[in-house]
Amino acid sequence: MTASKKIDVFISKELIEKRVKELAEMINSEYQNQEIIIVCVLNGSFIFCADLVRHITVPLQIEMVSLSSYEGTESTGEVSFRLDVRQSLIGKNVILVEDIVDTGLTINYLLKHMKLKNLKSLKLCSLLLKRARLKIEVPVDYLGFDIEDKFVIGYGLDYDGDYRELPYIGVYGA
Ligand code: 5GP
897 MTASKKIDVF ISKELIEKRV KELAEMINSE YQNQEIIIVC VLNGSFIFCA
947 DLVRHITVPL QIEMVSLSSY EGTESTGEVS FRLDVRQSLI GKNVILVEDI
997 VDTGLTINYL LKHMKLKNLK SLKLCSLLLK RARLKIEVPV DYLGFDIEDK
1047 FVIGYGLDYD GDYRELPYIG VYGA
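Position one of the sequence shown corresponds to residue 897 (my numbering), numbered consecutively onward.
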């Protein structure tokens, strides 16, 4: 663990809080009187997801999935499951909660996998999107911030395991 904490703020704690609340309000108004399953895509989404669900007022359950595709700052392009959901999702309203969509390969793999499960509905909520980096079209239904092509850390996002605890989003190596 050699990480220095001197990282400039890219998206402030306050701005994140405001946007997370807005995303939850969108979800609340779209799912009135319906139950949802929030699927938290580990590890990077754990803080975002924890904050988001505390502003969601419709009944929900939380599942965790974990996929592997990244080493250092580059996607390997090959995606596989480390952890899958533990309950049947047939007939359920599912919202995938992701930290960041970069090339889109990881979430595209998960979306395809979820579409095979006979869900009632499937939506994607991502805190961040690097639109310029997309290698594949990804429908982000609830988006926090569209950001430029920088490797970001903090608020759950890491660089080789470090920096996840930062309360804001910073740029690694800036
Ligand atoms: P994709 O398959 O869309 O290229 O990558 C998605 C995953 O890569 C994210 O869930 C995240 O774990 C990781 N990732 C992509 N860009 C960044 C970044 O800028 N910072 C960090 N910390 N992780 C990233």
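By construction, the Cβ of each residue, glycine as well, lies at the ideal position given by its N, Cα and C atoms.
Item	Value
Go through the region 958 to 1046 residue by residue and report every complete run of the beta strand (DSSP E) that reaches 3 residues or more, in order.	970 to 979, 989 to 997, 1017 to 1025 and 1038 to 1042
When the Cα of S976 is compared with those of L1020, S965 and I991, which residue comes out closest?	S965
Is the Cβ of K1008 closer than 9 Å to any Cβ of chain B?	Considering every chain present, this structure includes no chain B. It has just one protein chain.
Quick one: residues in its chain with C-beta nearer than 8 Å to the C-beta of C936, no 5 flanking neighbours on either side, listed in chain order?	F942, C945, I958, E959, M960, V961 and V993
Using the C-alpha atoms, what's the distance from G1066 back to I882?	Because the chain here runs from 897 to 1070, residue 882 falls outside it and cannot be looked at.
Look at the alpha carbon of E1061 and the alpha carbon of N939, and state the distance between them as a whole number of angstroms.	12 Å
By how many angstroms is the C-alpha of Y1068 removed from the C-alpha of L1030?	20 Å
Return yes when the C-beta of K1013 is under 8 Å from any heavy atom of the ligand 5GP, and no when it is not.	no
How many whole angstroms separate the CB atoms of V954 and I933, which I take to be in contact at a CB cut-off of 8 Å?	Wrong, their Cβ atoms sit about 11 Å apart, outside the cutoff.
What's the call for G1000, buried or exposed, on a 16-neighbour Cβ count within 10 Å?	buried
Under 8 Å from any heavy atom of the ligand 5GP, does the C-beta of G1040 make it?	no
Is S976 near the ligand 5GP - that is, is its Cβ less than 8 Å away from at least one heavy atom of it?	no
Identify which residue in V949, Y1059, K1016 and N924 has its Cα closest to the Cα of N989.	K1016
Spatial neighbours of L963 within its chain, please: C-beta separation below 8 Å, excluding the five flanking residues on both sides.	V937, V975, S976, F977, R978, T1002, Y1005 and L1006
When the Cα of Y927 is compared with those of D1054, E913, G1040 and I991, which residue comes out closest?	I991
Could you tell me the alpha carbon to alpha carbon distance between L1023 and N929, rounded to whole angstroms?	25 Å
Buried or exposed for G1057, going by 16 or more other Cβ atoms inside 10 Å?	exposed
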